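Trainee: Using the numbering used here, the first residue of the sequence shown is number 66, and each one after it goes up by one.
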Amino acid sequence: MSTENTEPEQLPDMIDFCLNVPLYKTFYFDKDYKLHQEKLREIFYFADGHLDCFCRECNKESVFHPEHKSDDQHFIVRYRNSEFQHVFTCTRNKNHKLFFLFLFHDWSITKIGQHPSLADLASVEIQKYRKVLGNESYAEFNRAVGLVTHGVGIGAFVYLRRIFENLIEEAHQGEMTTSGWDDGLYKKAHIEERITLLKNSLPNFLVENRSLYSILSKGIHELTESECLGAFPITKLGIELILDEKLEKLERDKKIKEASKGIGDLAKKLKS
Ligand SMILES: [Zn+2]
């Protein structure tokens, strides 16, 4: 646990703290806790809140509600220098639970444990992409998401950038077969311009927000750990948008195949 940085930091909201903040990241707050009292109360009680999260046991998205804690005026004194936990229960089945353990110590709060792990929660969310990514890229995607949940930015970003570049290259290969394509222009272009040139093969969101992807052109030695962590969510979103379109196409093609077979069978039946 790092204790070097004692600058007060904005406390995360409870949903973020549980589902996005890696373990052992410590948030320091002013000793005048009145400033943070409401935020602290939310973290200690979270009485009206809920988590929207993938349930590994239902194998789909679910809503989790916190187990009740009785409110106490002196909660700061009661919990100071001790750990406290939150248990959330799946609305579909009360035996499906999420556990989070926090440490409130020396005017700081740290999440020191959780089950299932952030990596597990994140990896079930991306499982659906296995069939469009292939085994190798899927394993890299999984590794990237796992690393970032442990606060490892550069390593995670390298994997994600590779996958992103492969998907862009796939779109490029498709466009190359269309008439009027200028491959010389494409090869000279930076990532943002490449995304514009591939606009017919990429999701609109990606094309409209292409400036967000300029960081992909930077050499890995130029990037800091926090730049990589910062660029991770938008790069992941770009990848997911491309993959969502691929999944939709796969589903549509499957339906069309089934429908044409059904129509063929019916036509045969009607003839006989
Ligand atoms: Zn469940």
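Note that the Cβ used here is the ideal one computed from N, Cα and C, for glycine as well. On a predicted model such as this, the values are computed, not experimentally measured, just so you know.
Taking residue 153 as the reference, give the member of 89, 79, 91 and 104 with the closest Cα.
Mentor: As a working mapping, residue 153 is identified with position 88 in the sequence shown. Out of 89, 79, 91 and 104, 79 has the C-alpha closest to the C-alpha of residue 153.
Trainee: If you measure between the beta carbons of residue 205 and residue 224, is that distance less than 8 angstroms?
Mentor: Position 140 of the sequence shown holds residue 205. Position 159 of the sequence shown holds residue 224. For residue 205 and residue 224, yes; Cβs fall inside 8 angstroms.
Trainee: Quick check: the Cα distance between residue 229 and residue 94, rounded to an integer number of angstroms?
Mentor: Reading the sequence shown from its first residue, position 164 is the one you call residue 229. Reading the sequence shown from its first residue, position 29 is the one you call residue 94. Going by the C-alpha atoms only, they are around 38 angstroms apart.
Trainee: Can you list, in chain order, the residues of its chain whose CB lies under 8 angstroms from that of residue 321, leaving out five sequence neighbours each side?
Mentor: Position 256 of the sequence shown, counting from 1, holds the residue named residue 321. None.
Trainee: Applying the criterion that 16 or more other CB atoms from any shown protein chain within 10 Å of the CB defines a buried residue, is residue 138 buried or exposed?
Mentor: The residue labelled residue 138 in the question sits at position 73 within the sequence shown. Exposed, because fewer than 16 other Cβ atoms sit within 10 Å of the Cβ of residue 138.
Trainee: Starting from residue 293, follow the alpha helix (DSSP H) in both directions and report where the run begins and ends.
Mentor: On the sequence shown, residue 293 is found 228 positions in, with the first residue counted as 1. Residue 293 -> alpha helix (DSSP H) spans 290-336.
Trainee: According to DSSP, is residue 156 part of a helix, a strand, or is it coil?
Mentor: Locating residue 156 in the sequence shown gives position 91, where the first residue counts as 1. Residue 156: coil per DSSP, three-state reduction.
Trainee: How long is the line joining the alpha carbons of residue 171 and residue 89, rounded to whole angstroms?
Mentor: Here the question's residue 171 lines up with position 106 in the sequence shown. Here the question's residue 89 lines up with position 24 in the sequence shown. Looking at the two C-alpha atoms, the distance is approximately 15 angstroms.
Trainee: Using the three-state DSSP reduction, which class does residue 144 fall into: helix, strand or coil?
Mentor: Here residue 144 corresponds to residue number 79 of the sequence shown, with the count starting at 1. Helix.
Trainee: If you pair each beta-carbon of the segment 213-223 with each one of the segment 291-308, do three or more pairs fall below 8 angstroms?
Mentor: Cβ pair count under 8 angstroms is three or more, so yes.
Trainee: Can residue 408 and residue 105 be called in contact, C-beta distance under 8 angstroms?
Mentor: Outside the modelled stretch of the chain, which goes from 66 to 337, sits residue 408, for which no answer is possible.
Trainee: For ligand 1, enumerate in chain order all residues having a CB closer than 7 angstroms to any of its heavy atoms.
Mentor: After applying the 7 angstroms Cβ criterion, the set is 120, 122, 123, 127, 155, 157, 158 and 161.
Trainee: Hey, could you find the ends of the alpha helix (DSSP H) residue 185 is sitting in?
Mentor: What you label residue 185 is simply residue 120 of the sequence shown in a count that begins at 1. Segment 183-191, the alpha helix (DSSP H) holding residue 185.
Trainee: With the cut-off set at 8 angstroms, would you say residue 177 and residue 92 are in Cβ contact?
Mentor: Here residue 177 is taken as the residue at index 112 of the sequence shown, counted from 1. Here residue 92 is taken as the residue at index 27 of the sequence shown, counted from 1. No, these two residues do not count as a Cβ contact at 8 angstroms.
Trainee: DSSP state of residue 267, grouped into three classes?
Mentor: For the purposes of this step, residue 267 is taken as the residue at position 202 of the sequence shown. Here residue 267 sits in coil by DSSP.
Trainee: Just tell me which of 186, 243, 268 and 128 has its CA closest to the CA of residue 305.
Mentor: Taking the first residue of the sequence shown as position 1, residue 305 is located at position 240. Of 186, 243, 268 and 128, the residue nearest in Cα terms is 268.
Trainee: Below 6 angstroms CB to CB, which residues in the same chain sit around residue 266 once its five sequence neighbours on both sides are set aside?
Mentor: Along the sequence shown, one-based indexing puts residue 266 at 201. Around residue 266: 236, 239 and 240.
Trainee: From residue 272 to residue 308, what does the alpha carbon distance come to, in whole angstroms?
Mentor: Taking the sequence shown and counting its residues from 1, the one referred to as residue 272 is at position 207. Taking the sequence shown and counting its residues from 1, the one referred to as residue 308 is at position 243. Those two C-alpha atoms are separated by around 15 angstroms.
Trainee: Taking residue 180 as the reference, give the member of 162, 193 and 191 with the closest Cα.
Mentor: As a first step, residue 180 is located in the sequence shown; it is residue number 115 there, counting from the start. Out of 162, 193 and 191, 162 has the C-alpha closest to the C-alpha of residue 180.
Trainee: Does the beta-carbon of residue 214 have 16 or more other beta-carbons within 10 angstroms, so that it is buried, or is it exposed?
Mentor: Reading the sequence shown from its first residue, position 149 is the one you call residue 214. Buried.
Trainee: Give the secondary structure of residue 252 by DSSP, where H, G and I count as helix, E and B as strand, and everything else as coil.
Mentor: The sequence position of residue 252 within the sequence shown is 187, counting from 1. Three-state result, residue 252: helix.
Trainee: When the Cα of residue 135 is compared with those of 319, 113, 156 and 207, which residue comes out closest?
Mentor: What you label residue 135 is simply residue 70 of the sequence shown in a count that begins at 1. Looking at the Cα atoms, 113 is the closest of the given residues.
Trainee: Can you have a look at residue 261 and say buried or exposed, based on whether 16 or more other CB atoms are within 10 angstroms of its CB?
Mentor: Residue mapping note: residue 261 aligns to position 196 of the sequence shown, counting from 1. By the neighbour-count rule (16 or more Cβ atoms within 10 Å), residue 261 is not buried but exposed.
Trainee: Which residues mark the beginning and the end of the alpha helix (DSSP H) in which residue 202 is found?
Mentor: Counting from 1 along the sequence shown, the entry for residue 202 is found at position 137. It spans 200-214 - the alpha helix (DSSP H) in which residue 202 sits, taken as one unbroken run.
Trainee: With a Cβ-Cβ cutoff of 8 angstroms, do residue 189 and residue 121 count as a contact?
Mentor: Residue mapping note: residue 189 aligns to position 124 of the sequence shown, counting from 1. Residue mapping note: residue 121 aligns to position 56 of the sequence shown, counting from 1. For residue 189 and residue 121, yes; Cβs fall inside 8 angstroms.
Trainee: Determine the closest residue to residue 194 out of 333, 160 and 314, with distance taken between C-alpha atoms.
Mentor: Looking up residue 194 in the sequence shown gives position 129. Comparing Cα-Cα distances from residue 194 to each of 333, 160 and 314, the minimum goes to 314.
Trainee: In chain order, what residues of the same chain lie with their CB nearer than 7 angstroms to the CB of residue 290, ignoring the 5 residues before and after it?
Mentor: As a first step, residue 290 is located in the sequence shown; it is residue number 225 there, counting from the start. So the list reads 218 and 219, once near-sequence residues are dropped.
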